[in-house]
Amino acid sequence: MKEHYRQAAELVARAHRIVAFTGAGISTESGLADFRSAGGLWERHRIVTYQEFVASHEARIEYWSMRRELIPAILAAKPNGAHKALAELERMGKLQTVITQNIDGLHQAAGSGDVIELHGTNLTASCLDCGKMWPIAEIQERLEADDLDPQCDRCGGAIKPDTVSFGQAMAQWVMNRAFEVADGCDLMIMIGSSLEVQPAAAIPGVAARAGAKLIFVNRTETPYDRIADLIFRRGCGEVMRGILAAG
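The opening residue of the sequence shown carries number 1275 in the numbering used here; numbering runs sequentially from there.
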């Protein structure tokens, strides 16, 4: 393992434009369970699609009932060693951008400045009609008072978290920028993603085709392991601290 850390530290030292790509696994050490894991939210709650949310009062109640359970955990979560290590790489002038599938805002809380949130953020919510925005903590107060289909106080429209739901298209400019920075990096560090959700899962492949080296940090195998130069099957915080210490 020491040799792995040494090799990873050498890749970091030689790189000029590092991009991190992160998934749910980087936040599990902050107490946020992977939605797909056993006992996770998607096992205990039916997935409500964007189309259902827009069309049905009952679907919105079902959706917000799940969110009422999720929001307190996200608001209480703190960045862990892996988030902090990426922020440190940025302060060192090595890390250019973080591309994340997560909606928890922990990269920004750790100090990362340039974060591309592929699936939006759960820290705010907006009216689907007029666009008025609220901190998610204010919406949580309404949910806990059993207002499970919160409406906009300005226009009466439905309020939805600023996340990308199933059936909802990701903003094209967000994906375009993610692919652009992946194509321009010389080292990508992938942390905590199963690389199963498209089109985001294709991002490491974009970096590899452009000639970048790849470090994968994930406890389980991914469909793209064959393109990685180094693979770590340990905890994200442990690995990232180990790489920095070996540098």
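Positions of the beta carbon are idealized from the N, C-alpha and C atoms, including for glycine.
Coarse secondary structure for residue i, derived from DSSP in three states
| i | result |
| --- | --- |
| Q1223 | Here the chain comprises residues numbered 1275 to 1521, so residue 1223 is not present and cannot be evaluated. |
| C1459 | coil |
| C1510 | helix |
| M1449 | helix |
| T1395 | strand |
| V1438 | coil |
| P1409 | strand |
| S1400 | strand |
| Q1281 | helix |
| I1335 | helix |
| T1496 | coil |
| L1469 | coil |
| Q1370 | strand |
| I1292 | strand |
| Q1425 | strand |
| K1352 | coil |
| A1298 | helix |
Whole-angstrom distance between residue j and residue i, CA atom to CA atom
| i | j | result |
| --- | --- | --- |
| F1475 | L1469 | Going by the sequence as given, residue 1475 is Ala instead of Phe. So the two alpha carbons sit approximately 4 Å from each other. |
| C1404 | C1429 | 7 Å |
| E1391 | T1398 | 13 Å |
| V1491 | V1513 | 7 Å |
| H1357 | Q1325 | 34 Å |
| K1406 | A1359 | 35 Å |
| A1298 | E1364 | 21 Å |
| P1435 | Q1472 | 21 Å |
| E1415 | A1502 | 44 Å |
| D1378 | I1413 | 16 Å |
| V1322 | M1449 | 23 Å |
| A1380 | M1444 | According to the sequence displayed, residue 1380 carries Leu and not Ala. Using only the alpha carbons, I get a separation of about 20 Å. |
| R1288 | K1368 | 10 Å |
| L1504 | G1479 | 15 Å |
| G1394 | N1376 | 8 Å |
| W1408 | R1451 | 26 Å |
| D1427 | V1372 | 35 Å |
| E1332 | W1338 | 10 Å |
| H1290 | S1330 | 50 Å |
| R1500 | T1494 | 13 Å |
Proximity of residue i and residue j at Cβ, strictly below 8 Å
| i | j | result |
| --- | --- | --- |
| T1374 | T1296 | yes |
| I1335 | L1422 | yes |
| G1466 | C1510 | yes |
| G1521 | A1294 | no |
| I1433 | Q1446 | no |
| L1349 | A1411 | yes |
| R1515 | G1355 | yes |
| H1278 | F1453 | no |
| V1328 | L1402 | yes |
Whole-Å CB distance - residue i paired with residue j, under 8 Å assumed
| i | j | result |
| --- | --- | --- |
| A1481 | A1456 | 5 Å |
| P1353 | S1304 | 7 Å |
| S1386 | A1351 | With 8 Å as the limit, S1386 and A1351 do not qualify as a contact, their Cβ atoms being about 15 Å apart. |
| Q1370 | I1477 | Contact flag wrong, Cβ pair sits at about 14 Å. |
| L1518 | E1362 | 6 Å |
Margin query: Assess contact between the stretch 1486-1497 and the stretch 1457-1464, defined as three or more Cβ pairs (one per stretch) separated by less than 8 Å. Is contact present?
Written below: yes
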